[in-house]
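Asks:
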Amino acid sequence: MNITVPHPLRSVSQKLRLDLLNLVRDARESHIGGPLSSLDLITAIYFSKIFDLKKDHFILSAGHLAPALYVVLAHAGYFPQARLKNFSSFGSHLQGHTSTDTPGVEYSSGSLGQGLSFAAGLALGDPRRHSICLTTDGEHQEGQTWEAAMFAKKYKLGNLINIIDYNQYQIDGAVEDIMPLGNLAQKYIKFGWAVTTINGHNFKTIIKVLKKAQKKSDYPTCIIAKTIFAKGISFMQYDYQYHDIKNLSEAQYQRAKKELEKPS
Amino acid sequence: MTTDNKDKQPQLLSMRQVFGQTLLSLAKTNKKIYVVDADLKSPLHLGKFASWYRHRFIECGVAENNATAIAAGLAKTGKVVFLTSFSCFSPAINWAVIKQSICYNQANVKIIGSHSGLLSANLGATHQMLEDIALTRVLPNMEVFAPIDAVETKKIITTLVRSPHPAYIRLVRPSTPQIFPQKFDFTIGKSHLLQIGKHITVLGYGPILIQAIKAQQKLNQKYGTSAPQLEIINCSSIKPMDTSTIKKSVKKTGRLIVIEDHQKVGGLGQAVASLLFASNLYPRFIHLAVDNQFGQSAKDYQKLYTYYGISLDHLLRAIQKLFKN
C-alpha cells in the first residue's frame with residue numbers, strides 16, 4: 142500500500158483556497174484563474190520559513206494575482222482576515238491590483254513586465270537579502286522581462302529568484318495561441334540563469350528548489366513552476382475564460398466550495 | 004547673446020557638464036548617490052563618476068524600461084538614484100514604468116532627461132523632445148524642474164539630493180548663457196524674478212527664457228524710457244509651481260506671455276492658464292510654444308525657433324501686440 146502523508150502546507154493552502162473563493166464571491170468581480178494557480182507558490186514563499194519576509198523581498202510582478210497574496214497576508218497576520226471581504230471596495234486598502242497601501246505588500250503593480258526589473262534593483266541594492274519575484278508565463282511576452290534577465294546575469298544577482306507561474310493561459314486564451322514563448326527554460330539558460338522546472342503544486346518540490354535557490358551563487362535563479370490554471374475548481378480549470386469572473390452564482394459557489402473542502 | 008558691450012557677453016556653460024561635475028562632487032560625501040544609466044554616460048559627462056564610483060554606476064544598456072524599474076527598486080533600498088538618459092527616451096519610452104514603479108511606488112528616483120526641445124537642432128524630430136513636461140507633470144508624486152542655465156542646474160541637483168520625492172529634471176544639449184550668479188538660492192516651488200516690470204509678465208523655463216532678457220534690451224534700444232517693462236519670471240520649478248508669484252505678477256501687469264520650447268498641449272502655458280482661470284484672473288494671454296507639430300533638423304536652432312513661432316522676433320511681436328492694448 143502506498144500511503145503518502147500530505148505536506149503540512151497542503152492544509153494551509155486548502156484553507157486559503159476557500160478564503161480566496163469567499164473573497165471572489167464577496168467582491169462579485171475578481172481575477173481567479175491566476176490567483177488559484179499561483180496560490181501554492183505564494184503559500185510556500187510565506188510559510189515555509191525559508192525566507193524572512195520582514196527582511197527578504199517578495200515582489201509580486203503580476204499585480205492581478207492580488208487576491209492570492211491577500212489571503213496569504215491575512216493568514217500571516219498582516220491585517221485582519223475580516224478585511225478580505227472588502228477587496229476592491231472603495232476605501233479598502235485591498236485594491237484590485239496590488240498596492241503598497243496594503244500591509245505586507247512591497248510593490249504596487251498591475252502593469253505587467255516591470256516587477257522583475259524592480260526585484261533586480263532591490264537585489265542589487267540589498268545584496269545580503271533575497272529578492273523573490275513572482276511572474277507569470279504570459280507576462281514573459283513583455284520585452285522588459287528579458288531586459289531584466291540580461292541585467293541580472295550581468296550584475297551576477299545570485300540573490301534574485303524569479304518564480305514563473307506557468308499556467309499556460311492568459312486573458313484571451315492559451316499562451317501557446319496568443320504568443321508562444323517557445324522553450325522558456327532554454328531561453329533562461331541562454332540568458333545565463335540557473336533554471337529549474339517543477340510542479341508548482343507539490344510543496345515538497347517547491348521547498349526543495351527554494352532552498353537550493355537560497356544558496357549563495359553568482360547566478361540568478363529561475364523556477365518555472367508548472368501549475369494548473371484555476372487549480373482546485375474543476376469547472377474552471379484549464380478554461381481561460383476564468384482569468385477573471387463576474388457574479389459567481391450561488392450554485393457555482395457551492396459546487397466550488399464542495400470541491401475545495403474535499404480532503405486532497 | 005548679442006549686446007552692445009562685448010565685455011558683458013555671458014559665458015556659455017554646459018548644463019550636462021555641470022550636472023556630471025555636480026553629481027561627482029556630491030557622490031564623494033553622499034554614498035547613497037547612485038546612477039542608473041542607459042548607455043549615455045558620455046553625453047551626460049558621467050565618465051568620471053562611472054570610473055571613480057564603479058559600484059554606484061549601474062549601466063543598463065539601451066533598455067530604458069528595465070533601467071527605470073531597476074532605479075526604483077534600488078531607490079527602495081535607501082539610495083538616491085539618478086536615472087540618466089535623453090528626454091526623448093526617458094520619460095518617453097518608459098512612461099508607464101515611471102508611473103507605476105517610480106511614482107505610484109514613491110521611489111526616490113531623479114530622472115535626468117537631457118537633449119530636450121528644439122535646441123537639439125540637427126538631430127531631427129525623434130530627438131527633439133517637446134512632450135516631456137506634459138508627460139511628467141501629469142503624474143502624481145512627481146516634481147518637475149527645468150533649469151535656465153548651468154548654475155541653476157547645479158543648484159537644483161544639489162537641492163534634490165536632499166528631497167525624497169521622484170523628480171524629473173529637463174536638461175538641454177548645447178552650452179547656454181550663464182544667467183544666475185554662482186551664489187543664489189534655489190528652493191523647490193519657488194520661481195525667480197529675472198527682471199521686475201509693470202507692463203507684461205513673461206513666464207518660461209529653460210534657456211529659451213533668455214530671449215525675454217534680449218527682448219527687453221531691444222525694446223530699450225528702440226523706445227528708450229517709453230519701452231514696455233517686462234516682468235520676467237523663471238519658472239524652473241514647474242511642479243510644484245510658484246503660484247503666488249505668478250498670480251501677483253499677473254494681477255499687476257494684466258498681460259501674460261508664456262514661452263516654452265515644448266508643445267503647447269500639456270506645457271507650462273496650459274498649467275498657468277488653468278491656475279489663473281481658477282483664480283479669477285484673466286490677463287491678455289499669448290502662449291508661444293510648438294503647436295501640434297513635430298520638429299525637424301536644422302544646423303542652427305534659431306532657424307527652428309523662427310519656423311515654429313518661438314523666436315525672439317515672435318516674442319517681440321507678442322509683446323507689441325499685448326502692449327498696444
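Here the protein sequences come in this chain order: A and B.
Just so we're aligned, residue 142 is where the first sequence starts under the numbering used here, counting upward by one.
Just so we're aligned, residue 4 is where the second sequence starts under the numbering used here, counting upward by one.
The beta carbon of each residue, even a glycine, is placed where N, CA and C say it ideally should be.
#1: What residues of chain A sit near residue 63/B, judged by a beta carbon separation below 7 angstroms?
#2: Which value, in whole angstroms, describes the spacing of the CA atoms of residue 462/A and residue 268/A?
#3: Taking all protein chains shown into account, do 16 or more other C-beta atoms lie within 10 angstroms of the C-beta of residue 390/A, making it buried, or fewer, making it exposed?
#4: With distance defined between alpha-carbon atoms, name the residue in 324/B, 79/B, 132/B and 95/B nearest to residue 112/B.
#5: Which same chain residues, not among the five before or five after residue 197/A, have their C-beta less than 8 angstroms away from its C-beta?
#6: Who are the neighbours of residue 333/A on chain B, taking C-beta pairs under 7 angstroms?
#7: Nearest CA to the CA of residue 133/B: which residue from 32/B, 319/B and 298/B?
#8: When you compare only the Cα positions, how much space is there between residue 164/B and residue 23/B?
#9: Quick one: is residue 243/B buried, meaning 16 or more other Cβ sit within 10 Å of its Cβ, or exposed?
#10: Is DSSP giving residue 191/A helix, strand or coil here?
#11: Among all the DSSP beta bridges, which residues are the ones paired with residue 340/A?
#12: Residue 236/B bridges to which residues according to DSSP?
#13: Going by beta carbon distance, what residues of the same chain come within less than 7 angstroms of residue 279/A, once the five residues before and after it are set aside?
#14: By how many angstroms is the C-alpha of residue 241/B removed from the C-alpha of residue 187/B?
#15: How would you label residue 128/B, buried or exposed, when you count the other beta carbons within 10 angstroms and need 16 or more for buried?
#16: Does any residue of chain A bring its CB to less than 8 angstroms from the CB of residue 312/B?
#17: Measuring straight from C-alpha to C-alpha, what distance separates residue 155/A and residue 292/A?
#18: Between the Cα of residue 191/B and the Cα atoms of 246/B, 202/B and 234/B, which residue gives the shortest distance?
#19: For residue 170/B, which residues does DSSP report across the bridge?
#20: Could you run through the segment 68-88 of chain B and flag, in chain order, every residue whose CB is less than 9 angstroms away from some CB of chain A?
#21: Determine which residues of the segment 98-115 of chain B have a Cβ less than 7 angstroms from any Cβ of chain A, and write them out in chain order.
#22: When the Cβ atoms of the segment 154-174 of chain B are set against those of the segment 281-301 of chain B, are three or more pairs found closer than 8 angstroms?
#23: Return the first residue and the last residue of the alpha helix (DSSP H) that residue 304/A is part of.
#24: Given that a residue counts as buried once 16 or more other Cβ atoms are within 10 Å of its Cβ, and exposed if not, what is residue 8/B?
#25: Report the rounded CA-to-CA distance for residue 92/B versus residue 67/B, giving the unit in angstroms.
#26: Between residue 240/A and residue 317/B, what straight-line distance do the alpha-carbon atoms span, to the nearest angstrom?
#27: State the Cα-Cα distance for the pair residue 326/A and residue 229/A, rounded to the nearest angstrom.
#28: Report the option in 148/A, 145/A, 149/A and 162/A whose CA atom is closest to the CA atom of residue 395/A.
#29: Buried or exposed, going by whether 16 or more other CB atoms sit within 10 Å of the CB of residue 263/B?
#30: With 8 angstroms set as the bound, which would you pick, yes or no: does the beta-carbon of residue 66/B sit closer than that to a beta-carbon of chain A?
#31: Nearest-angstrom Cα distance between residue 212/A and residue 246/A?
#32: So, under 8 angstroms CB-CB, residue 144/B and residue 109/B are touching, yes? Tell me the CB distance rounded to an integer number of Å.
#33: For residue 65/B, collect the residues of the same chain with a Cβ closer than 8 angstroms to its Cβ; drop the 5 residues on either side in sequence, then sort them by chain order.
#34: Using the Cα positions of residue 81/B and residue 97/B, report the straight-line distance between them to the nearest angstrom.
#35: Taking C-alpha atoms, which residue in 372/A, 300/A, 358/A and 256/A lies nearest to residue 209/A?
#36: Nearest to residue 322/B by CA position, among 234/B, 251/B, 295/B and 249/B, is which residue?
Replies: On the basis of the coordinates in this document:
#1: 292
#2: Examination of residue 462/A is not possible in this model, given that chain A is present from 142 through 405 alone.
#3: exposed
#4: For residue 112/B, the nearest C-alpha among the options comes from 79/B.
#5: 270, 271, 272 and 273
#6: Neighbours of residue 333/A on chain B: none; closest Cβ ~14 angstroms, over 7 angstroms.
#7: 298/B
#8: 14 angstroms
#9: Residue environment: residue 243/B is assigned as exposed (fewer than 16 neighbouring CB atoms within 10 Å of its CB, all protein chains considered).
#10: DSSP places residue 191/A in coil when its eight states are reduced to three.
#11: 367/A
#12: 196/B and 206/B
#13: 311 and 316
#14: 18 angstroms
#15: exposed
#16: Chain A places no beta carbon closer than 8 angstroms to that of residue 312/B, leaving this residue out of the contacts.
#17: 37 angstroms
#18: 246/B
#19: In the DSSP output, where bridge partners are listed per residue, residue 170/B has 113/B and 146/B.
#20: Listed in sequence order: 68, 69, 70, 71, 72, 73, 74, 75, 76, 77, 78, 79, 80, 81, 82 and 84.
#21: 99, 100, 103, 104, 107 and 108
#22: no
#23: Not the alpha helix (DSSP H): residue 304/A falls in the beta strand (DSSP E), residues 301-307.
#24: Because the pLDDT at residue 8/B is just 45, under 50, the model does not fix this residue reliably, and the value given afterwards should be weighed accordingly. Result: exposed.
#25: 7 angstroms
#26: 48 angstroms
#27: 35 angstroms
#28: Among 148/A, 145/A, 149/A and 162/A, the Cα nearest to that of residue 395/A belongs to 162/A.
#29: buried
#30: At a cut-off of 8 angstroms between beta-carbon atoms, residue 66/B makes contact with chain A.
#31: 12 angstroms
#32: 6 angstroms
#33: Hits under 8 angstroms: 41 and 42.
#34: 22 angstroms
#35: That would be 372/A, whose Cα lies nearest to the Cα of residue 209/A.
#36: 234/B
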